[in-house]
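If you're matching positions, the sequence shown starts at 521 in my numbering and goes up one per residue.
Just so it is clear, CB atoms sit at the ideal spot from N, CA and C, and this is done for glycine as well.
Computed from a prediction, not measured in an experiment: that's the story for all the values here.
What follows is a short report on a single structure.
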Amino acid sequence: MATTVHNPLKTYSQQLLLQFKKAKTTKNPALYLYTHNARTPLFMAQSVTRILVNLNASPNFESWHKAFKKVEDALGEIDFYDVTIKSFIKNKLIKKNQIDYLIKKKNKAIDKLNKKLIEKEFYLSVFNQIILANELNLNNTLIINEIKKHIAKEVNYISEFFSQFPKSFNNMELQVHELRRKLRWLSIYAQSLNGIIVLKKVTTKYEWEKQFITASEKTSIYNNLNVVKNLNNYIYFNHKVFYALSFIIKKLGNIKDLGLNIYLIEKSIRKTHIQKINNVEEMAIKQLQLNTTESDLLNDAHKILTLFVKKYSIPQQLILK
521 MATTVHNPLK TYSQQLLLQF KKAKTTKNPA LYLYTHNART PLFMAQSVTR
571 ILVNLNASPN FESWHKAFKK VEDALGEIDF YDVTIKSFIK NKLIKKNQID
621 YLIKKKNKAI DKLNKKLIEK EFYLSVFNQI ILANELNLNN TLIINEIKKH
671 IAKEVNYISE FFSQFPKSFN NMELQVHELR RKLRWLSIYA QSLNGIIVLK
721 KVTTKYEWEK QFITASEKTS IYNNLNVVKN LNNYIYFNHK VFYALSFIIK
771 KLGNIKDLGL NIYLIEKSIR KTHIQKINNV EEMAIKQLQL NTTESDLLND
821 AHKILTLFVK KYSIPQQLIL K
């Protein structure tokens with residue numbers, strides 16, 4: 521009996537090929553890709569190639585990974601400004617010239633991606649190359665074992681990274697956001713590998729359950745993984761740890777968003793005020809109607825990660841033997 525071919529990267533590339541071909545026919549391709557959620561298949565494809573690059577499977581994977589990452593990062597920048605503008609525009613304390621400044625930043629990000637798309641001929645050759653590369657088949661016991669080892673290394677690196685900041689954080693982007701990214705990849709792998717990772721129910725009662733698992737995690741569509749039968753091998757994730765991972769990613773996301781909102785408003789104040797402002801952060805917090813500072817947010821992130829990563833070692837319990 522022939523081995524079933526399992527190639528999620530080809531699936532995502534086929535989706536992207538259709539989206540980018542359509543985008544090419546529009547007046548504003550970057551905006552089309554953003555509004556039609558091209559980030560999701562880009563994230564998925566980037567996730568798969570991120571693993572394959574680390575497995576040294578083929579020299580092509582690195583160039584493919586760079587292409588996916590470049591476009592996804594560009595769409596992420598557009599999303600960052602778009603979401604914040606929609607939020608800030610409802611706030612009467614934030615001045616029109618500050619909003620205009622952010623709109624200019626968003627339009628600049630859109631223009632930059634449009635130029636890149638034209639320069640790279642919409643990456644159509646990349647997608648076609650992947651689709652035609654029929655040798656990639658992840659339904660292989662040895663490959664899946666190597667993927668499992670790689671994910672275990674990433675879990676260990678999360679602990680190592682956090683150990684660099686034993687007492688506190690002082691940078692939202694380079695510390696909190698970066699740690700969230702590392703945790704989020706574990707969750708994205710579970711989706712992007714499209715059936716290789718299986719959630720296994722465990723009966724163990726953990727001390728941390730009530731704090732890190734809520735009804736939201738149990739019912740989230742993102743925590744329901746696709747099931748593919750008859751693969752040669754699987755990677756099993758502890759379902760309770762996976763739910764806790766979802767919780768911490770969301771929690772850190774909220775903290776990160778507030779911190780970056782403060783930063784963005786501070787920047788808009790500096791760029792739109794002729795006179796120097798003595799306490800820009802105070803003005804930004806007042807405009808955002810917050811009762812917390814960036815320092816408070818950094819402390820909140822450190823406290824919850826101290827529990828999640830250090831005290832309870834929750835990530836270390838993700839992969840089941």
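Boundaries cannot be given for Lys831, as no beta strand (DSSP E) includes it and DSSP labels it neither H nor E. Taking the Cβ atoms as the reference, Asn576 lies roughly 49 Å from Gln807, outside the contact range of under 8 Å. Here the stretch 737-744 does not lie against the stretch 655-670, with fewer than 3 beta-carbon pairs under 8 Å apart. The C-beta distance from Glu727 to Lys760 rounds to 12 Å, too long to fall under 8 Å, and the pair is not in contact.
By the criterion of a C-beta distance shorter than 6 Å, Thr826 is surrounded by no residue of its chain, once the five residues flanking it on both sides are discounted. With a cut-off of 8 Å on Cβ pairs, the stretch 670-690 is not in contact with the stretch 767-775, counting fewer than three such pairs. For Tyr601, there is no enclosing beta strand (DSSP E); the residue is part of the alpha helix (DSSP H) that begins and ends at 579-608.
Between Thr661 and Asn752, the beta carbon gap of about 5 Å places them in contact (Cβ cut-off 8 Å). At a Cβ-Cβ threshold of 8 Å, Leu719 and Phe685 do not count as neighbours. Contact between Tyr554 and Ile623 is absent: CB atoms are separated by about 15 Å, not below the 8 Å threshold.
Residues of the same chain with a CB within less than 7 Å of the CB of Thr545, apart from the 5 flanking positions on each side, do not exist. Beta-bridge pairing by DSSP links Asn758 to Lys720. Contact annotation: Leu706 and Val748 have beta-carbon atoms that are not nearer than 8 Å.
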